[in-house]
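K.L.:
Take this structure first; my questions come after.
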Amino acid sequence: MQPYKYKPPKTTTGDLRTPVTFYEPKPNEGPEPGEHMELILYEALASIDTVWMKDIEVAKANGTLSDITLTIRDPKSTYVPTNKHYVSIDADGYREKSYNVKHVQPDLQNRQFIKVVASVVT
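If you want it as C-alpha cells, here you go:
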C-alpha cells in the first residue's frame, strides 16, 4: 500500500490578489445606445488566468482569445454569478475593459472556490 502524502491545494487564499466587482448593467437613457454600471452586486478578490499559450491556436479558431478565468472564494448563497452579470477588474491592463460572465463552475480541486469564465465586451 502506498503511504498517504499531503498535497497542498493548487489555489490558496494568498493567490487572490486582484480586486474584482460584479455588477448588473442598465441601458443608457435617451436615444444613444450602450449600457452603464447600475448596481454593484458583489466585490471580491480574485486570481486571474488568461488563455494559456498551449491553447492559443484553439482560442484563435474559436474566437475566445480575449476570455479570462477568474477564481474567487465561493460566496455560497450570498451571491450567484449568472451570464447576465458583468465583471470589472481593478488591475493594470484590465481597467478600461468590461467582461461579460459566460460560465460559472465550482473548482473541483478545492470546493472553497468557484471559477468564472468571462469574455470582453465589445
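Residue numbers in the sequence shown follow this note's numbering, run continuously in steps of one, and reach 122 at the last position.
For each residue, glycine too, the CB sits at the ideal point set by N, CA and C.
(1) In the DSSP assignment, find the beta strand (DSSP E) that holds T69 and state where it starts and stops.
(2) Determine which residues share a DSSP beta bridge with V87 and list them.
(3) Contact between the segment 77 to 85 and the segment 26 to 38 is defined here as three or more beta-carbon pairs at a separation below 8 Å; is this criterion met?
(4) DSSP three-state call for D15: helix, strand or coil?
(5) Using a threshold of 8 Å, state whether the C-beta atoms of S66 and V104 are closer than that.
(6) Going by other Cβ atoms of all chains shown within 10 Å of its Cβ, with 16 needed for buried, is P81 buried or exposed?
(7) Measure how close the beta-carbons of A91 and I72 come, nearest whole angstrom, since I'm counting them as under 8 Å.
(8) By Cβ distance below 7 Å, which residues in the same chain neighbour F26 in space, the five residues on each side in sequence not counted?
(9) With distances taken from CA atoms, which of N110, A61, V20, H85 is nearest I48?
(10) Does the distance from the C-beta atom of A61 to that of T18 stay below 8 Å?
(11) Compare the Cα-Cα distances from I89 to each of F22, M1, G14, R111 and report the closest residue.
P.N.:
Put simply:
(1) 68 to 73
(2) F22, Y99, per the DSSP bridge assignment.
(3) no
(4) helix
(5) no
(6) Label assigned to P81: buried.
(7) About 14 Å; that fails the 8 Å criterion.
(8) According to the sequence as given, residue 26 is Lys; it is not Phe. Result list for K26: E35, H36, E38, in chain order.
(9) V20
(10) no
(11) F22
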